[in-house]
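Just so you know, the protein sequences line up as chains C and V, in that order. Numbering of the first sequence is given in my numbering, commencing with residue 1 and proceeding in unit increments. Numbering of the second sequence is given in my numbering, commencing with residue 1001 and proceeding in unit increments. Shown next, in structure tokens, is the structure this report addresses.
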Amino acid sequence: MKTILLVEDDKNQLLLYKQELLLEGYNIITAQDGQEAINKVKEHTPDLIVMDINMPKMSGIESMGRILSEHKKIPIIINTAYGSYKDDFMSWSADAYIIKSSDITELKDKIKELIGKI
Amino acid sequence: MLPQILKDKVDNVLYNVVDALDAGFSILDKDLNIVCANEKLSSILNLEYDPIGKTCREVYKCECKDNKYCSVFQALSSGKKQFCETQLITERGERRYIQNISTPLKDEKNGITHLLKLSIDVTAQEEKIHQLSLLRKLAELMQGTLQIDRLLHLILTCVTAGTALGFNRARLFLVDKERDIVYGKMAVGPSSLEEANRIWSEIAKKYEKLEDLIQASEDNYRDDTPLHMITRLMAYSLRDENEVIVSCVKNKKIIWERDAFHNPNIDKKFVNMIGANEFVCIPLIAKDETIGVICVDNLYSKKPIIEEHIQGLTTFANRAALAIENAAAYKILSEKVRQLEETQDRLIRSERLAVIGNMAAYVAHEIRNPLATIGGFARSILRASNQDDQIRQNAGIIVEEVSRLERILANIMDFSKPVESVKVASQINEILENICSLMDPYFKNGRIKLTKIFNSMIPKIVIDPTQVKQVFLNLIKNAVESMPGGGALTIETIVEDKHIKINITDTGEGMTAEIMQNIFVPFFTTKVDGTGVGLAVSHKIVDDHGGYIKVKSSLQEGTTFSIYLPI
């Protein structure tokens, strides 16, 4: 079973993504800020990371940079409400950039494309 | 002691003296009937009949209706000499100023039997004074006139008005330094002898006061007279110093040509244009530079031009030149002010857009997160619920509404997002063709008849095709939406004044003036589900391209949006 790390500071949103992705058949671990995400990666080495950007303590972009410096192979999907981070070249190292929507089909499709099911 | 010869022939001598007198002479009886008058009186008053036997008032045409103010009556009743000055219009319609002295004549018993009335024609002096004061007032008025065309016409009116400088015709030439020419700007005066006669017969009675003159200047401001049109055809290169007007400009001296028809040194073409044998060109000098030339003549009255008239004209021309200079400076200044105001407007608008943009972006993001959560859970409820379930229906409504809100947010964020534009040389016609074929089904559904008038000669221009496409899409969509019952849509491309102009015309509902004023204001909308950013974004995009949008609209008839993109 593939493991996905969900990084999201909004509790309710985190819950939503967790529920949805569990239904898709993934194993889900979560983190609520960039620092926690780095720690979780050390513990579990997930198959994919879904990363919010605007978070307390450490932003998603910085966290992503640190994670990628040690685990170059882990695909990362940026999932944010802001379109403007697309212009930040740091965000280009992500495998996908998705703008948050109530319809999470796009996110699911992207995950499937990157790691396949199960 | 009178010499004997006078005593003997007193009648004869007296008769000769009275006749030789340079004054009108009459004797009135106590009923104020004229019993005796000399010929000078008839000539002063332009009489065409014998004054003897007529009443004083009849002959002198005096205006005092009341005996109280009548000098003759006062002389009679007081027994003292009375002076008075009257102004009258003679039978031939000429204005005259007459000084009258009425002296009572007494018999041996000291009773007044007759009155002696002497009349001196002071018209010339009066007119001179009148003219000077009029010119002074006019000069003041000129300094205050800043609208250049009105000023120029006022100047020429003064030069030609009988009570002012009184030339028959006046033409004004102006120097255009940029084009290195001096050209005919305007002309005032009758175009034919008949017209001249008609005007002069009226003029004695009218245009006396300053106000009348100004009114006449306004009323007669016409630019379709033959004289004016011929003058407008005259233009000379400033390098051609043989030309009369040019030499007047260059030498800053008056040119007084007395016999143009026989002067071999003067260009025949110019003489033909002027059409007068005698004329005067006078330079208009402001700050040591000739800014123009006034050319006057007396074609119709054939009155020779005299030194005195030229002096008057010179004084006047100096004042006029200053006034023209003032008005020209004012024109430049007001143009600059207008440009500044425009820039300020644009700054304010872009500042406002920036503020609104920032706020919108902030609000939109804050809302987008919880909205995504709400909608996401609603979708999961929808999926988990059974068919035909009340819960399913309700969750479906939440999903729909959230989607609508998200669309609006996306729109607003597009607007507030500063986009780097990628500009490439593009062919506007191609972009429009593309959009039209894209929207073809949409046109058919809405029963829209599309007409394309594309100018195939328009050049490629450097634009961001994606952004410009967005503008066309917005405007075309608006046009179609304004014709809910169908209609005609016309898209036209034109090259106009270093711009490509794209007209998008519909036959829809049109807009009120109030709506027109607000259409580019962000978040202003008249549509039920509009966000009010479409036109604001379009405006901003066109603005970023250095272009502008114009709108014409009339209710029930339709609207035309014209987009101007610089070539």
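Even glycine gets a Cβ: it sits at the ideal position worked out from N, Cα and C.
So which residues of chain V does residue i contact, with C-beta pairs closer than 8 Å?
i	result
A81 (chain C)	H1365, R1368, N1369 and A1372
Determine the burial state of residue i: buried for a count of at least 16 other Cβ atoms within 10 Å of its Cβ, exposed for fewer.
i	result
I1391 (chain V)	exposed
Y1207 (chain V)	Model confidence at Y1207 (chain V) stands at a pLDDT of 49, short of 50, so the residue's coordinates are unreliable and nothing is read from them.
P46 (chain C)	buried
I1306 (chain V)	exposed
P1051 (chain V)	buried
P1522 (chain V)	buried
Q1467 (chain V)	buried
E1257 (chain V)	buried
G1485 (chain V)	exposed
F1261 (chain V)	exposed
Y1060 (chain V)	buried
G34 (chain C)	buried
R1338 (chain V)	exposed
S93 (chain C)	exposed
P1283 (chain V)	buried
D1297 (chain V)	buried
T1505 (chain V)	buried
H44 (chain C)	exposed
R1383 (chain V)	exposed
R1407 (chain V)	exposed
D1440 (chain V)	exposed
I1453 (chain V)	exposed
V1182 (chain V)	buried
G1144 (chain V)	exposed
M1186 (chain V)	buried
Y1442 (chain V)	exposed
Is residue i helix, strand or coil when you go by DSSP?
i	result
V1122 (chain V)	coil
E971 (chain V)	Residue 971 (chain V) falls outside the range modelled here, since chain V spans only 1001 to 1567, and no answer is possible.
C1084 (chain V)	strand
N1434 (chain V)	helix
R1239 (chain V)	coil
M1511 (chain V)	coil
T1373 (chain V)	helix
S1553 (chain V)	strand
C1158 (chain V)	helix
Y1207 (chain V)	Residue confidence is low: Y1207 (chain V) scores 49 on pLDDT, short of 50, so the model does not pin down where it sits. No coordinate-derived value is stated.
I1408 (chain V)	helix
P1441 (chain V)	helix
Y85 (chain C)	helix
V1035 (chain V)	strand
P1226 (chain V)	helix
R1171 (chain V)	strand
E1289 (chain V)	strand
G1024 (chain V)	strand
Any beta carbon from chain C within less than 7 Å of residue i's own beta carbon?
i	result
V1402 (chain V)	yes
Does the beta carbon of residue i come closer than 7 Å to any beta carbon on chain V?
i	result
D10 (chain C)	yes
M51 (chain C)	no
S102 (chain C)	yes
What in chain C is Cβ-close to residue i, meaning under 7 Å?
i	result
E1406 (chain V)	S101 and S102
Using beta carbons (cut-off 7 Å, strictly below), is residue i in contact with chain A?
i	result
L1473 (chain V)	Note that chain A does not occur in the displayed structure, where the protein chains are C and V.
Q) Along the segment 1364-1397 of chain V, what residues have a CB closer than 8 Å to any CB found in chain C? A) Contact residues of the segment 1364-1397 of chain V toward chain C are H1365, R1368, N1369, P1370, L1371, A1372, T1373, I1374, G1375, G1376, F1377, A1378, R1379 and S1380 (C-beta to C-beta distance below 8 Å).
Q.
Using a Cβ-Cβ cutoff of 9 Å, what residues of the segment 67-79 of chain C are near chain V? List them in chain order.
A. Flagged: no residues at all.
Q.
Any C-beta of chain V within less than 7 Å: which residues of the segment 7-31 of chain C qualify?
A. Of all residues in the segment 7-31 of chain C, those with a C-beta nearer than 7 Å to a C-beta of chain V are D10, N12, Q13, L16, Q19 and E20, reading in chain order.
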